[in-house]
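Quick note on numbering: the UniProt record's numbering labels position 615 of the sequence shown as 615, and the sequence is numbered without any gaps.
Glycine is no exception: its CB is placed at the ideal position from the N, C-alpha and C atoms.
Here is the structure we will look at, set down as structure tokens.
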Amino acid sequence: GTILVDNMLIKGTAGGPDPTIELSLKDNVDYWVILDPLSQRLYLNSTGRILDRDPPMSIQSIVVQVQCVNKKVGTVINHEVRIVVRDRNDNSPRFQQQRYYVAVNELTPVGTTIFTGFSGNNGATDIDDGPNGQIEYVIQYNPNDKTSNRTFDIPLTLSGAVVLRERLNYEEKTRYFVVVQANDRAQNLNERRTSTTTLTVDVLDGDDLGPMFLPCVLVNNTRDCRPLTYQASLPELTDPARVNPISVTPPIQAIDQDRNIQPPSDRPGILYSILVGTPEDYPQYFHMNLTTAVLTLLKPINRDLHQKFDLVIKAEQDNGHPLPAFANLHIEVLDENNQKPYFTRSTYEGFILESSPVGTTVSDNQNLTSPLQIVVLDNDVEETKDPQLHLFLNDYNTFFTVTQSGITRYLTLLQPVDREVQQLYTFSMTASDGVQESVPVTVNILVIDANDNSPTFSNISYNVKIYTDMRPGEGVIKLTAVDADEGPNGQIVYEILAGDQGDFIINDRTGLITIAPGVVLSVGRSYALTVKASDSAPPAQRRSSITTVYIEVLPPNNQSPPRFPQLMYSLEVSEAMRIGAVLLNLQAFDREGDPIRYLIQNGDPQQVFNLSQSSGLLALGKPLDRESTDRYILIVTASDGRPDGTSTATVNIVVTDVNDNGPVFDMFLPKNLSVQEEEANAFVGQVRATDPDAGVNGQVHYSLANFNNLFRITSNGSIYTAVKLNREVRDYYELTVEATDGAVDPRRSTLTVAVKVLDIDDNSPVFTNASYAVCVPENLPPGTVFLQIEAKDVDLGSDVNYRIRTQEALQYFALNKYTGELSLLKSLDYESFSDTEATFTFLVEAFDSKGTMPPGLATVTVRVKDMNDYSPVFSKKLYRGMVAPDAVKGTVITTVSAEDQDPPGTPASRVRYKVDVVQFPYSASIFDVDENSGRVVTRVNLNEAPSTVFKLVVIAYDDGDPVKFNTTTVEIAVLQPSVIPRFTQDEYRPPPVSESAPKGTVVTVVTAAALNQTIVYSIVSGNEEDVFAINNRTGVISVQKSLDYESVRSYELRVQADPLQVVRSNLRVPSKSNTAKVFIEVKDENDHVPVFTKKTYIGGVSEDAKMFSSVLKVKADDKDTGNYSAMQYRLIIPPIKDGKEGFVIEAYTGLIKTAMLFKNMRRSYFKFQVIATDNYGKGLSSKAEVLVSMSQALPL
């Protein structure tokens, strides 16, 4: 629907009752154009689609033919309409790949181009045209990889080549995610479109690091590993075949720190060797495989000769990399008994019948069919032989014992056990070979019930009175028998054996005797009931007991006492029961309904229990403590207030245990202990704790809360060393011993035990540095001390001495055995060394004169420093210079020069200058010398008397060690003012020089004069590009190079005039009078043509446009200035109608306007030229094309 041509201005009408023309479209490809014949307008047909200049449509122009048929005469005219589709920045750059990748070795130098993958069609493309489609690349800040934009850069944004800006380090960072932005170059910055991609830069590992031993524990804030010591132990006198390869903890392994060198075939191998060790005969006993580091024993070791070996092992790359790694290997020679005994199981479950006689073996099952076997072994002894171990129990050793010999041991009974007293016995068991103890194991022995208890009534007989008004089913008495057995053995059945005469029955489970159904009681009758209580064991094992119940029948009586339902009550109460808890309901029954009063008559002197006087509820009144009282027998009465109205009952209360007591340590045992270092399984001391709770709640177990890797504690509280202690590492420990009981939620107590470690001589002196490096100047006299080494022996009372171990070094160096001072035996000469570096490397050792341990070793590297052999030498002994009496500060008088024959590039060869302020202090106050160039200059503005001669001493010195120097003298003569030329003007301002002036054009002439002197002119500043030249005799300044007003518009030259005799002496004498300034202005010429802002200007006008309607505005620019950049515009238009040109242009603004009416004109566009001429139409010209399309006016 967009109007493409507003009015085609074709004369005639295509509609209405009398059309004169007929309009139609030809060659309308894809029907992009719609014709409205009536209005003569062309519309864009974009329904359901978009006109896109960019691929894939790529429609850059639309050309159609408008066919006009004159209906009156039949003529046909075709008008071509060309519609140019201008580009719009509607497409963002698009990367051809979602992600880009490059791998870079960490050794790549800074400045290297590491990625060119955005070049060609591999990077981003933009299907827009012109600048809208041009791509440039920049690296953006990545918040998820904050160093990527600092590490990489794209200096050439159009190429997209990525350059490395900072050194890579694979060990610190292996991957960078570089966010690269591609943006087009649309002229309007706000309209630019962008897209981003991620360039993944993988850093490849380079071979810049040496090996390292594993495991590596880093020193804080560094990449260095802490010193590592491998450990191994060997039984003495062991055949090598039994122990090879030797087990080392941790296994010896070194890896290249450059772990990912690619390809893997380039990764170096690791070579292992034993560098040095003590004792020195270690090579007789050990060998290390060069490539696997497997350590093997060569022959058995006698512990009487060697108790340990301390070796230094080296790992190096097989490609000659200069950074090896070192580690220590400590090998302990063990006594023959070096293995702990051990049980084959961690826990044991046993069973025993409570009626078993003494000596019975504990079984491993409840059926008691097989004995419990306890197998304990010792790796020091062959498995088929009796290890002859001692087994001991930490508890219940009066109830059980273990057989004392054999591989398999058995538990037997020492005294009878009673399940009703204790059902479970839990204890730990430990095995000892006399030196070492096993880890304790837990043994649980369950006592199986035997029917060894008969049901028991509380009384031998019972007397009961009943009354004739009692009805059948009414209770007479409830009997209770107690059986301590469990299960069927403890289940009780009641029966009346005799005496009931059919008038009474008993409940076989509850023991309640009631009046039989249909029975009418008679006064005066009496009964003697024999009642039996039997358990439910098998008939052969069943146990029973009897009691007699005497019953007397009385007439109805409202005076009978209250009766308890039971004469005996039994219950168990936990000692943790809360105060106020109701324990039992002792309510009695009174036939007459009289109120009953309840009292505890006996058994509670401390008033632990409360009995409600009215309800008969028994409650706990005070806390229980099983450890002080574990049973209460209460006599309780119920009374209705009459003299014979009282009944009694017995309440048996058993207080059960809770774990309310923690273990308590015996504070009378020593708590300050000591043990000698370097001795494993050494006895340190013993602690003991007790717990008053019962059963497992009172069983005490010991453990160490700290240092349990260094010490161990047995089940009886004995403390031993678990490993060999090192007093030099730590000489004092505070062990926290924890005692716990055996409850599910155990209680704990702790005790702190102090252990002091006693010293033995077991350490070699250790140097403060494993290697020393020192720089010694050559030519030092013999006896000069240049280094002091130090070693320390952490053993107490040690006396460290020093000596040189390398024999070749003894001819050059001496080592004080007491102080560790290294001194020279002879002077060293740097030039006597053929190597690039003059160095000595030798071994020194430190030993304890009072001890027996091998010496400690260190390397000393002495680098001989080349000294400053030559002094600077001046080219002249005497320099001369001249100066004007009024010379300004900074005036150059002369230049001194000195050379040093020391090797070039060394500090000793660098020469610098300074003034000697001592010999001629006044001269030094007014003259100076440049430190680097040697130019002698005035320090101040001079005001000196003519003909005065100053002497100035200049020192040339080097940066060597020591600093060497030399001197020269400069004589400076102050000239007479008459011989110093004087310019006729201080400043010269010649007319401007045209920028088109040819070479040789005279700019101006400067003139100076001096008495009886020939003058020599020179340009001393402002002519760095040599644009101008001066005739040194005439003072004529001329153009030497082409001028360009647009580049440089003015110059300021400083010229100087000197007498010829001064110039011949190669001297210049600047002063206030013999210099002048020349200001040269460059005159602009019309040497640049106007340049239009566009090659083609496109506009449009409607057929009904009025005269002088604005169409468009053109503009041309000119680099020249002034009138040369002032434009005058004109049009070149072919005649349109009646000789009219159709358009006019404002000459100085460039605004194009209509100059005629276009109604009914058969033209779709006008094409003409515009001319721009600078200098208001008198200068240079250029042209551009103008295309004006005509649009048809729409009808109202």
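Within the UniProt domain "Cadherin" (993-1092), the runs of alpha helix (DSSP H) at least 4 residues long that lie entirely inside it are, in chain order, 1060-1064. By the C-beta density criterion, Ser875 is exposed, having fewer than 16 other C-beta atoms within 10 angstroms.
In the three-state reduction of the DSSP assignment, Val696 falls in the helix class, which pools H, G and I.
Residue burial is scored here from C-beta neighbours: Ala945 has fewer than 16 other C-beta atoms within 10 angstroms and is therefore classed as exposed. If you check the CB distance, Ile83 and Tyr43 do not come in under 8 Å.
Excluding five sequence positions before and after Ser363, the CB atoms of its chain that fall closer than 8 Å to its own CB belong to Gly350, Phe351, Ile352, Thr369, Ser370, Pro371, Leu372, given in chain order.
Scanning Pro670, Val675, Glu987 for the CA closest to the CA of Arg688 turns up Pro670. Distance from the CA atom of Ala241 to the CA atom of Val276, rounded to whole angstroms, is 25 Å. Check the Cα spacing between Asp1174 and each of Glu1146, Tyr141, Tyr1129: the tightest is with Tyr1129. Put simply, the backbone Cα of Phe1143 is about 38 Å away from that of Lys1083. One thing to note: Thr650 has its Cβ within 8 Å of the Cβ of Leu567.
As computed with DSSP, Gln1128 is found in a beta bridge with Thr1173. In this structure, the CA atom of Ala743 is about 50 Å from the CA atom of Ile301. Around the beta carbon of Ser438, 16 or more other beta carbons lie within 10 angstroms, which makes this residue buried.
In terms of CA proximity to Asp54, Asp129 leads the group Asn1032, Ser159, Asp129, Gly645.
By the C-beta density criterion, Val970 is buried, having at least 16 other C-beta atoms within 10 angstroms. Around the Cβ of Glu191, a 10 Å sphere holds fewer than 16 other Cβ atoms; the residue is exposed. With a beta-carbon spacing of about 25 Å, Val162 and Ile127 fall beyond the 8 Å limit used to define contacts.
Pro777 carries a strand assignment under DSSP once its states are collapsed to helix, strand and coil. Distance from the CA of Val915 to the CA of Pro903, rounded to the nearest whole angstrom, comes to 26 Å. The DSSP-derived three-state label of Pro371 is strand.
Ranked by Cα distance from Lys756, the first of Phe683, Pro455, Gly320 is Phe683.
In this structure, DSSP gives Ile83 an extended state, which the three-state scheme calls strand. Sequence-distant Cβ neighbours of Thr360 in its own chain, meaning closer than 7 Å and more than five residues away, are Ile352, Thr412, Leu413.
Annotation for Ile59: Trp32, Leu51, Asp52, Arg53, Val85 place their beta carbon closer than 8 Å to its own, counting only its chain and skipping 5 residues before and after. Taking each of Glu236, Lys964, Glu420 in turn and checking the Cα distance to His306, the smallest one comes out for Glu236. The Cβ atoms of Asn451 and Asp485 sit closer than 8 Å to each other.
In terms of Cα proximity to Tyr101, the closest of Pro56, Arg88, Leu204 is Leu204. Residues Asp386, Gln388 of the same chain have their beta carbon placed closer than 8 Å to that of Ser405, with the five preceding and five following residues left out of the count. The continuous alpha helix (DSSP H) containing Thr151 extends over residues 148-151. Counting every other CB atom within 10 Å of its CB across the protein chains shown gives Tyr1148 a total below 16, marking it as exposed. When C-beta atoms of the stretch 985-1005 are compared with those of the stretch 891-909, fewer than three pairs fall below 8 Å, so the two segments do not count as touching. Less than 8 Å separates the beta-carbon of Val493 from that of Ser536. If you draw a 10 Å sphere on the C-beta of Met1127, you find 16 or more other C-beta atoms in it, and that means buried. Judged by beta-carbon spacing, Asp799 lies within the 8 Å limit of Ser849, meaning their Cβ atoms are closer than that value.
Separation of the CB atoms of Val441 and Thr347 is rounded to 6 Å, and the pair is thereby assigned contact status at 8 Å.
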